[in-house]
Amino acid sequence: EAGWSPGSISSRLEIQSGLQYVSEKSIRKFIKKRPGLERHLFWNRNDHKGGRKRENKIYLTDPDRKFIEQRPIWAEFEYGHWEVDFIVSKYNSWVILVCVEKYSKLLKLALLPNRQNDLVTETLVSMFNICVPKSITTDNDVAFGKWKELEVRLHTDVYFCHPYHSWEKGLVENCNRWIREFIPKKTDLKSISSLFLLDIENYFNHKPREVLSGKTSYEVWTEKEHGTLIE
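Residue numbers for the sequence shown follow this note's numbering, so the first one is 16 and each next one is one higher.
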């Protein structure tokens, strides 16, 4: 009912209770033999294909941009590197700013009335007041037009994907798909409360991750950021 995958349940049981014999395969067999349980599987509820994306978007053309191939290779393996993207509304200018840390998978969300440069910059500076990002990777949305100011204020480097190459920041793209489970595409983002957005953020940050060997994003982030082990 919590939306955990069989893999997450299995890996969490192992580190929390030492129950190594409860494998993902065993849990899936249990589900398969009991009709109705499969409705709780997250991806069974979110397997629809998106429509063709519109390609009339205005992109940033700053020649000084640093593209993703210039990002250090260790950004794939060490803590402190973030990906950033937007979830947009078809009804108005409201957007959700999505930030995810690549190592811990920690998710941070902010609801904004628009993508105006100054607002996006100030929001990112505020969101990173509890940690110092080693790098930020985003797309060429004109909302990031003040990326040089962002680099100075956050003491970081900003890198850009190539236009129409969304897979180059695949983690945040996947996070957007997960978030769409709670905020379907036809939702008017203006109607979302800040408390509901915080609930979504907390759900993913306190959900065991198989890729983190059963730990939650918050546990890994706290260990890396503060040197503190929590459960």
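For each residue, glycine too, the CB sits at the ideal point set by N, CA and C.
**Request:** Put Ser-108 into one of helix, strand or coil per three-state DSSP.
**Result:** It is coil, neither helix nor strand.
**Asked** What first and last residue would you give for the beta strand (DSSP E) that runs through Phe-101?
**Response** Where Phe-101 is concerned, the enclosing beta strand (DSSP E) stretches over 96-103.
**Message:** Which residue marks the beginning of the beta strand (DSSP E) containing Phe-45, and which one marks its end?
**Reply:** First-last for Phe-45: 39-47, but that is the alpha helix (DSSP H), not the beta strand (DSSP E).
**Prompt:** Using CA coordinates, which residue listed in Ser-228, Val-157, Asn-217 and Glu-246 is at the minimum distance from Ala-17?
**Reply:** Ala-17 has its Cα closest to that of Asn-217, out of Ser-228, Val-157, Asn-217 and Glu-246.
**Prompt:** Looking at the unbroken alpha helix (DSSP H) that takes in Thr-138, where does it start and where does it end?
**Reply:** 132-142 is the extent of the alpha helix (DSSP H) around Thr-138.
**Asked** Name the DSSP beta bridge partners of Cys-114, please?
**Response** Beta-bridge partners of Cys-114 (DSSP): Val-99 and Lys-123.
**Request:** Taking Ser-20 as part of the beta strand (DSSP E), name the residues at either end of that continuous run.
**Result:** That residue, Ser-20, is in no beta strand (DSSP E); it is neither H nor E in DSSP.
**Item:** Same chain only: Cβ atoms within 6 Å of Asp-62, ignoring 5 sequence neighbours per side
**Value:** Confidence at Asp-62 is low in this model, with a pLDDT of 49, below 50, so the placement of that residue is unreliable and no value is reported for it.
**Message:** Taking only three categories from DSSP, how would you classify Phe-159?
**Reply:** Look at Phe-159 here: in three-state DSSP terms it is helix.
**Prompt:** So, helix, strand or coil for Thr-76, using DSSP?
**Reply:** Assigned with DSSP and collapsed to three states, Thr-76 falls in coil, not helix or strand.
**Asked** Is it right to say Ser-23 is buried, meaning 16 or more other beta carbons lie within 10 angstroms of its own, or is it exposed?
**Response** That one is buried.
**Message:** Which runs of the alpha helix (DSSP H) at least 4 residues long sit entirely within the stretch 177-239? Give them in chain order.
**Reply:** As far as the stretch 177-239 is concerned, its whole alpha helix (DSSP H) runs of at least 4 residues are 185-194 and 209-220.
**Message:** Using 8 Å as the threshold, is the C-beta distance between Trp-19 and Lys-149 below it?
**Reply:** By the CB criterion at 8 Å, Trp-19 and Lys-149 fall outside the cutoff.
**For Ile-151, three-class secondary structure by DSSP** = In the structure shown, Ile-151 sits in a strand (DSSP, three-state: E or B).
**Prompt:** What number of angstroms, rounded off, separates the C-alpha of Arg-195 from the C-alpha of Leu-244?
**Reply:** Rounded to the nearest angstrom, the two C-alpha atoms are 31 Å apart.
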